[in-house]
Each structure stands twice: as structure tokens, then as C-alpha cells.
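Written out as C-alpha cells, the structure is:
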């Protein structure tokens, strides 16, 4: 099986976003600059050491916020940094992550024997049994499809910590698990938050996302009371120099004071890459969108080569 090896990026300083301790954009919209707003308690990220495992959940209760793109691009950024990354597709919809980042099944594996997230939820397979290669070296996927949605309403699927246990019982040598969460509040979204770990909140720069911000924040706050979750990043997808970008960015900084707020600049490449069945990183490695996700990835996890000998 031929795989694409994702290489580290060299980002010129003039294209790298400034990082600041300020928590607000105050300039006029036509003078907005793409800056990363760091929280007061921000600490330098650390590399993942051998045997260590970290979990990130990409969560928003609204569709079209950029969850799937954020999940895939961060997975690719971390793979390029030397880590092995497993992606859990917990958003069972047609043309979702499993359609974009297609699993590569063993040639001798019959279709009837292919496992998905649905099999894990029903206790018919362990997480490792449902983990498959993808076109990218060191990026693996647990796929799901529309039939997984039945678990949302089936009382046979009743243990909210089933995914948490599945990850704990996994023996696959992956460094990072990143979860593409469902777009609505329900059983599956509760199960993903019950995994515990670090939450990344993507929000498209739009008036509708601005209006849904309070209910999103409350859902995450409620999860913090029940599970060991921490919001570490708010991602402004399709960011541009507009008043709504300023409004949404400032609101995210207020709603998540302990998280960094990272713009991801809008480009045509971000819309074109899925049509080519490629990540933006592979399709357009010099795109500002690619560079912005790479910078975000490095603010959440330090590259593997920085592990002390």
C-alpha cells in the first residue's frame, strides 16, 4: 500500500501569525490582523513522550463549523511532526470524515468483516479491531457511516463511557487520539465528551455561529462538571477581515478564557481539497490555511524531535 508521507512545513516569519497575550481585537474590521490570542495561563507545549497518549475532542453542536476540517488538518499536522494519530469519526453522516479520509482496508478482508465505530458502540469489536490505515502515513481512522446513527436512539447502547473504556483498553501504539464529534447534542456527543481530554472548539466566522455560542459554551461547561475535559483552543475557521470575524473572535475569547483563540484564514484551497479527496495540507502545503493549522498544532503539542534525549 502506497502512502503519502506528510512533511514538516517551513513557514516564513512574514506568514506566521503573531501570538499575543491580548484577549480582544480592538482595531477596525478593515485593519484586522490574524493574531493568536493566548490565555493568561498559557504554557509552552510539551512533546509526547514514548508511552504517553493524549486525547483531543473537536466539538461544536452546530454543523458547518469546521469540525471535520479541523480534525483532519490537525491530525495531518501532528503526523508531520512525527506522531502516530488515530482519528475517531463520531459524526455518522454521509460525505463526512470517513468519506474524505477513506479507510484503507486489507485486501483480504471481506466487506462483511469490516468494523466501524458502530461495532465498537455495540460491543461487537474493540477499538483496535475497527482501526484502519489511511492514505497518510501515521494517520489511522475508526470510520463511521450513516448506519451508526441508530446508536443515538437504541437503548442497547447505554454506557456513556464506552468510548472512554475502548480507548483505555486499546493496545495500538498511537500517540494522539483526535475525535470528530457529532454536530448536535445527544447520546453520541455525550459519549464523546465522556472520553475526557482536551476540547478544541471550531467556529465558522458567521452570524449564526455567533448566536449559537452561549448554548455551545454551556454544553461544554456541563461536561466539565461530569468529565475531566479542558477547553484548550477555539478555532476561527474561514477567518477574514470582517466585523463578524471580530465579533465572533472576541466572543470566543470571552467564553473560553483558558483557551487560545486561533484564526484559520479562509482560502479557496480549503473548499477545493475535499473534492480532490486530499487534506488541505497535501493539496496546498503553501496555503495560509495549511500554515495556520500547522501553527495551531504546534501550540497544542510540541514536535517529537524536541523530546529530550
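Residue numbers (full-length UniProt numbering): 1 to 309. A virtual CB, placed ideally from N, CA and C, is assigned to each residue, including glycine. Since the model is a prediction, treat every value here as computed from it, not as a measurement.
With DSSP as the reference, label residue i as helix, strand or coil.
i, result
"residue 132", "strand"
"residue 309", "Low local confidence applies: a pLDDT of 39 at residue 309 is under 50, so the model's placement there is unreliable, with the coordinate-based value given in what follows. In the structure shown, residue 309 sits in coil (DSSP, three-state: anything other than H, G, I, E or B)."
"residue 42", "coil"
"residue 154", "coil"
"residue 231", "strand"
"residue 147", "helix"
"residue 167", "helix"
"residue 205", "coil"
"residue 244", "helix"
"residue 4", "strand"
"residue 333", "The structure shown does not extend to residue 333, since the chain spans only 1 to 309, so no value can be given for it."
"residue 104", "strand"
"residue 249", "helix"
"residue 256", "coil"
"residue 189", "helix"
Label residue i either buried or exposed according to how many other C-beta atoms from any shown protein chain fall within 10 Å of its C-beta, with 16 as the threshold for buried.
i, result
"residue 91", "buried"
"residue 314", "In the structure as shown, the chain starts at 1 and stops at 309, and residue 314 therefore has no counterpart that could be examined."
"residue 168", "exposed"
"residue 109", "exposed"
"residue 73", "buried"
"residue 131", "buried"
Pull up the DSSP beta-bridge partners for residue i, would you.
i, result
"residue 57", "179, 199"
"residue 263", "236"
"residue 329", "The requested residue 329 does not occur in the structure, where the chain is confined to residues 1 to 309."
"residue 89", "180"
"residue 139", "85"
Return the residue from the list the options that minimises the CA-CA distance to residue i.
i, options, result
"residue 134", "127, 146, 142", "142"
"residue 118", "149, 230, 277", "149"
"residue 53", "72, 67, 85, 76", "85"
"residue 176", "156, 182, 197, 191", "197"
"residue 6", "302, 299, 290", "290"
"residue 311", "269, 126, 202", "Any question about residue 311 goes unanswered here, given that the chain covers just 1 to 309."
"residue 88", "129, 153, 266", "129"
"residue 137", "21, 78, 111, 113", "78"
"residue 172", "126, 219, 147", "126"
Pairs of beta-carbons, one from the region 99–115 and one from the region 187–196, closer than 8 Å: are there three or more? Cβ pair count under 8 Å is below three, so no.
Taking one C-beta from the region 275–287 and one from the region 57–66 each time, how about it: are there three or more such pairs within less than 8 Å? Touching, no.
Mind the definition here: the region 148–166 touches the region 109–124 only if three or more C-beta pairs lie below 8 Å; say whether that holds. Contact annotation: the region 148–166 touches the region 109–124, with at least three C-beta pairs closer than 8 Å.
Are the region 282–293 and the region 222–232 touching, with three or more C-beta to C-beta distances below 8 Å? no
Cβ pair count under 8 Å reaching 3, the region 31–46 against the region 251–258: yes
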